[in-house]
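The opening residue of the sequence shown carries number 16 in the working numbering; numbering runs sequentially from there. Step one of this worksheet: look at the structure below.
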Amino acid sequence: MKRTVPILALVVSLLTTGVIAFRLITGRSWIECLYLAVVTLTTLGNREPAPLGDAGMIFVVVYLLCGAGTLMFGLTQLGQWLVSDELRIALENRRMHQIIAKYHDHMLVCGCGQMGEIICRQLGKQGRPFVAIDTDLERLRELCVPNGWSYLHGDATDDELLKAAGIDRAGGLATVLSSDAANLYVVISAKRLNPKLAIVARATENSAADKLRQVGAGHVINPYQAGAVRMARLLIHSGIDNLLEIVDGHHADLELAEIPVSESGPLAGQEISDSGLQELGIMVIAIRRLDGSRRMPVHGDDRLDQGDSLLVVGQQEAIQGLLTAAESA
């Protein structure tokens with residue numbers, strides 16, 4: 016779209032110059048002068064528009080030679096833009112902006128490499144609205160279009176693109192760009208645009224991980240370190256592989272989730288043993304209190320208060336039902 020602005024400005028400038036000049040030379044009405052400028056530029060006129068005099072004829076020659084060539088160049092550029100990918104991209108972005116404008120408490124995924132794809136698929140599996148951002152348009156289309164996911168093409172370090180993705184209304188952001196420096200820049204920009212945003216960042220160096228935490232990333236993941244630690248655990252304690260599959264979301268039936276305890280929800284004021292969670296097949300692993308402290312292991316007489324959060328594991332259907340009840344309360 017930016018490419019068309021100077022082209023249109025050029026055409027308007029040429030016509031304006033011709034209209035004013037013909038008005039001064041011929042004294043005709045503005046409409047007639049506009050007509051004269053158009054037929055001169057497009058070389059459609061076949062006779063002298065009016066008595067011009069020497070100065071007028073010189074102007075027409077210069078205007079025709081310079082203006083007609085410039086106009087044809089501008090129209091050629093405009094035609095190339097219309098048949099290029101730029102128009103399609105502009106239309107896609109406009110449609111995405113209209114969809115994203117309706118989002119609230121959604122997620123932003125910056126980077127659609129291997130890690131970004133997994134994050135997108137997990138969010139899509141959970142039915143969470145999100146916006147994928149990447150500089151590779153073909154990659155975005157390949158990943159998002161078949162699944163009906165929202166996306167924006169561009170640099171995630173650009174503040175304007177983050178604003179277009181609705182960062183001021185977002186609930187969380189994951190930045191998994193290939194460069195630690197780029198991830199650091201995204202975190203700084205995101206925290207400035209939305210100080211309350213929950214951020215998870217990728218880092219390949221421990222020094223970068225420390226910096227990411229300092230500028231506002233709540234969680235920093237080193238994929239190499241995390242993968243190596245898990246492999247070591249499996250070597251030492253091979254029996255915990257099923258639990259790790261649940262945590263990683265690879266188990267077909269079980270799901271790990273965090274359930275908020277709201278004032279009007281079904282859990283507020285209840286003890287664990289009386290909450291009905293056990294009957295639903297949901298096991299409470301830990302309780303995070305409003306002050307940030309954690310209760311682990313959990314006992315049956317532990318009371319649930321407003322503002323607490325439960326880390327639970329259970330059947331996907333039961334978990335989703337509990338989440339729906341908690342969010343609608």
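Here a beta-carbon is modelled for each residue, glycine too, at the ideal position from N, C-alpha and C.
Residue range of the beta strand (DSSP E) that includes residue i
i: Cys125; result: 122-125
i: Met311; result: Counting along the chain, Met311 falls outside any beta strand (DSSP E), and DSSP gives it neither H nor E.
i: Asp149; result: 145-149
i: Ile345; result: No information on residue 345 is available, as it lies outside the stretch 16 to 344 that the chain covers here.
i: Tyr118; result: Where Tyr118 is concerned, there is no enclosing beta strand (DSSP E), given that its DSSP letter is neither H nor E.
i: Gly329; result: 324-330
i: Leu167; result: 165-168
Extent of the continuous alpha helix (DSSP H) to which residue i belongs
i: Arg156; result: 152-159
i: Thr2; result: Since the first and last residues shown for the chain are 16 and 344, residue 2 lies out of range.
i: Leu205; result: Checking the sequence shown, residue 205 turns out to be Ala, not Leu. That run of the alpha helix (DSSP H) goes 195-208.
i: Ala179; result: 174-179
Inter-residue Cα distance where the pair is residue i and residue j
i: Gly142; j: Glu273; result: 15 Å
i: Glu132; j: Leu29; result: 50 Å
i: Glu359; j: Leu305; result: Coverage of the chain is limited to positions 16 through 344, which leaves residue 359 absent and any answer about it impossible.
i: Gly307; j: Gly284; result: 18 Å
i: Arg110; j: Gly187; result: 23 Å
i: Asp170; j: Ile148; result: 7 Å
i: Glu270; j: Leu199; result: 31 Å
i: Val299; j: Gly280; result: 17 Å
i: Asn108; j: Leu282; result: 42 Å
i: Leu123; j: Asp173; result: 14 Å
i: Gly315; j: Gln335; result: 23 Å
i: Ile297; j: Ala247; result: 29 Å
Under 9 Å between C-beta atoms of residue i and residue j
i: Phe37; j: Leu51; result: yes
i: Gly42; j: Leu56; result: no
i: Val230; j: Val202; result: yes
i: His121; j: Pro144; result: yes
i: Arg184; j: His119; result: yes
i: Leu158; j: Cys125; result: no
i: Asn237; j: Ala213; result: no
i: Gly181; j: Ile115; result: yes
i: Val215; j: Ala232; result: yes
i: Leu6; j: Glu286; result: This structure leaves residue 6 out entirely; the chain is present only between 16 and 344.
Bridge partners - residue i, DSSP secondary structure assignment
i: Ile236; result: Arg217
i: Gly187; result: Met122, Ala213
i: Ala224; result: BP columns for Ala224 are empty, so no partner.
i: His112; result: Its beta-bridge partners do not exist; DSSP assigns none.
Residue-chain proximity (residue i, chain D), Cβ-Cβ < 9 Å
i: Pro144; result: Although the question refers to chain D, the structure presented lacks it and comprises just one protein chain.
Using a Cβ distance threshold of 8 Å, determine whether the segment 168-181 contacts the segment 222-236, with at least three qualifying pairs required. no
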